[in-house]
Structures are given as C-alpha cells and as structure tokens.
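Following my numbering, the numbering of the sequence shown begins with 1 at its first residue and continues without gaps.
For glycine and all other residues, C-beta sits at the position ideal for the given N, C-alpha and C.
Here is the structure we will look at, set down as structure tokens.
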Amino acid sequence: MADRLMTPQGRDLAYNKSNGTGPGIVFLGGFKSDMDGTKALHLETWAKAQGRAFLRFDYSGHGQSSGAFEDGCIGDWLADAAAAVEGLTEGPQVLVGSSMGGWIALLLARAIPERVAGLVTIAAAPDFTENGFWEGFSDADRATILNRGRIELPSDYGDEPYVITRRLIEDGREHLVLNHPLPLPFPVRFLQGAADADVPVDWAMRLLEHAEGDDLRLILVKGADHRFSTPECLGLIEASIEDVLHRARR
1 MADRLMTPQG RDLAYNKSNG TGPGIVFLGG FKSDMDGTKA LHLETWAKAQ
51 GRAFLRFDYS GHGQSSGAFE DGCIGDWLAD AAAAVEGLTE GPQVLVGSSM
101 GGWIALLLAR AIPERVAGLV TIAAAPDFTE NGFWEGFSDA DRATILNRGR
151 IELPSDYGDE PYVITRRLIE DGREHLVLNH PLPLPFPVRF LQGAADADVP
201 VDWAMRLLEH AEGDDLRLIL VKGADHRFST PECLGLIEAS IEDVLHRARR
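Here it is in structure tokens:
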C-alpha cells in the first residue's frame, strides 16, 4: 500500500519511500506512466540492496495519485515533484528522470539546485509538448486543440489514447528549457537508446550541446528502444547512478 503526500496545491500523491544513506535517489516517471514501472521497481530493489535512500511517486493524474490525467500539465507535475523532493527527502538527491521525467528533473535542477546532487536521465524529453506534439500536429490537429481544447492520440503503450489538451501545450511553453540557459553544476549522465522511436537521438544531442556544466556525458546504446528496460539497460542505469554518486562526493 502506497503512502500519501498532500501537496501545497491540495493534490494527493501516492509514494513509496525507502530509508537509507544519502544522497538519496528520486525516480521521476514519464508521461502517463506510474511508479510501478519496470525501471522504478528495479531501481528501488537495487537501492535497498545498497542501503541507499530511494523515493518513487506518482504525479497527480497518474497511477494511484488523485486527479484526472487530462487535467494536468507540466507545471502541475513539476510542482508535484518539488513537493515530493522537499517534503519526503533530506539533503541533495540524485534525480533519475525517464522521458518526461527527464524534463521534470531539468526543471527541478533549475528551480531547487541546492537539492540536486546529480542527474541521470533516460530518453530525456525536454520541451516535448512543443517540439514533439505541437510541431508534429497537422493544421487540422492544431485547429482541433485550439477550438475544442483537446485532441486524442493513439498510444503505443496501452489501449487508452493520449488526451492532449490546449492547457498542456500552452503550459508547456512556460516551462521550456532548451531556449534558456541550462546550468547543470553537478554530475549528469544522459542515457539514450539509438532505436528510440519516441525520443529521437538528435533531441539528446541538442540537450547535451545546450546544457552547461563540467561533467556532462551522453551515452548512446545501439538497439535500445524507449523503454530502456532490458537487463543491459537497467545495469547501465545502475552504473550511471553509481558514477554520479561517486563524482558528487568528490
């Protein structure tokens, strides 16, 4: 049974927390995913074996948390993540962000850098509402969103379609990171599958080129897709977290 956190905005978030040494690890899930996914559960088990503090949670409208998915937006989920980090962890944390969670991790690094010891992103998708959805929409799709306030897109990860709202698009524009300076003054590892059909490799290259920091690395894995959940990929995530933790202590 998940524990509950009430955010300052009145949203009821589900979370699971394991106590241990710091810096702790916070897993930030992807768009319409939940904290019971393969990567989150694997890393929780791994962190417990290491005696390392670990936190996973569901954004509002996701998983076991309150709210409807289509009512949410990047700003809401960023606020949820900030509430979880600030309310459930102590000291700097290593943020592990998957897909949209990578965007959320970058926004947290910008908003509360003192609480970030390092980053590991997996198929990070910063600015995807603009560079993915909006740029990929036809004129008819854009008209539908502007006039009706929403559009439904087929999903490759379940039977239910993705509902993309006008609010999601417009709020996303208030949280872009690739058109502003992006200082990352701590160890960062960007992991990216070369066979990812959802987040193109050139997005990862653009992020690497745009971010500013002395210890940034992009690791490309040939054949890996967006799920990045094979035993080899999971092992690489573990190794990247260990690398970041080692360098964060220096």
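- Annotation for residue 147: no beta strand (DSSP E) segment contains it, though the alpha helix (DSSP H) segment containing it runs 139 to 148.
- Within 10 angstroms of the beta-carbon of residue 16 lie 16 or more other beta-carbons, which makes it buried.
- DSSP, reduced to helix, strand and coil, places residue 85 within a helical segment of the structure shown.
- Here residue 172 carries a helix assignment [DSSP, helix/strand/coil].
- In this structure, the straight-line span from the alpha carbon of residue 154 to that of residue 72 is close to 19 angstroms.
- Around the beta carbon of residue 29, 16 or more other beta carbons sit within 10 angstroms, so the residue counts as buried.
- Look at residue 206 here: in three-state DSSP terms it is helix.
- One Cα belongs to residue 26, the other to residue 55, and the distance between them is close to 5 angstroms.
- The beta carbon of residue 115 sits closer than 8 angstroms to the beta carbons of 85, 86, 89, 91, 92, 93 and 108 from its chain, once the five residues preceding and following it are set aside; these are given in chain order.
- Under the Cβ criterion (8 angstroms, minimum of three pairs), the stretch 58 to 76 does not count as touching the stretch 139 to 147.
- The Cβ-Cβ distance between residue 175 and residue 78 falls below 8 angstroms.
- With the rule of 3 Cβ pairs closer than 8 angstroms, the stretch 225 to 244 does not count as touching the stretch 205 to 212.
- The Cβ atoms of residue 58 and residue 34 sit closer than 8 angstroms to each other.
- DSSP places residue 112 in the coil class of the three-state scheme, outside both helix and strand.
- Inter-segment contact for the stretch 181 to 189 and the stretch 157 to 171 is absent: fewer than three beta-carbon pairs are separated by less than 8 angstroms.
- The residues 182 and 184, in chain order, have a CB closer than 6 angstroms to that of residue 211 in the same chain once the five nearest residues on each side in sequence are set aside.
- Counting every other CB atom within 10 Å of its CB across the protein chains shown gives residue 172 a total of 16 or more, marking it as buried.
- A direct Cα-to-Cα measurement between residue 151 and residue 165 gives close to 6 angstroms.
- Here the C-alpha atom of residue 134 lies approximately 42 angstroms from the C-alpha atom of residue 21.
- The shortest C-alpha to C-alpha distance from residue 110 to any of 4, 186 and 214 is the one to 186.
- Between residue 102 and the set 13, 128, 239 and 112, the nearest pair of CA atoms involves 128.
- Here residue 220 is not near residue 188, since their CB atoms are 8 angstroms or more apart.
- Annotation: residue 224 to residue 12 spans about 35 angstroms, alpha carbon to alpha carbon.
- Straight-line spacing of the CA atoms in residue 42 and residue 51 works out to 14 angstroms.
- Excluding residues up to 5 positions away in sequence, 108, 111 and 112 lie with their Cβ nearer than 7 angstroms to the Cβ of residue 82 in the same chain.
- Between residue 106 and residue 201 a beta carbon distance of about 18 angstroms is seen, past the 8 angstroms cut, so the two are scored as non-contacting.
- Spanning the alpha carbons of residue 126 and residue 191 requires a straight line of approximately 14 angstroms.
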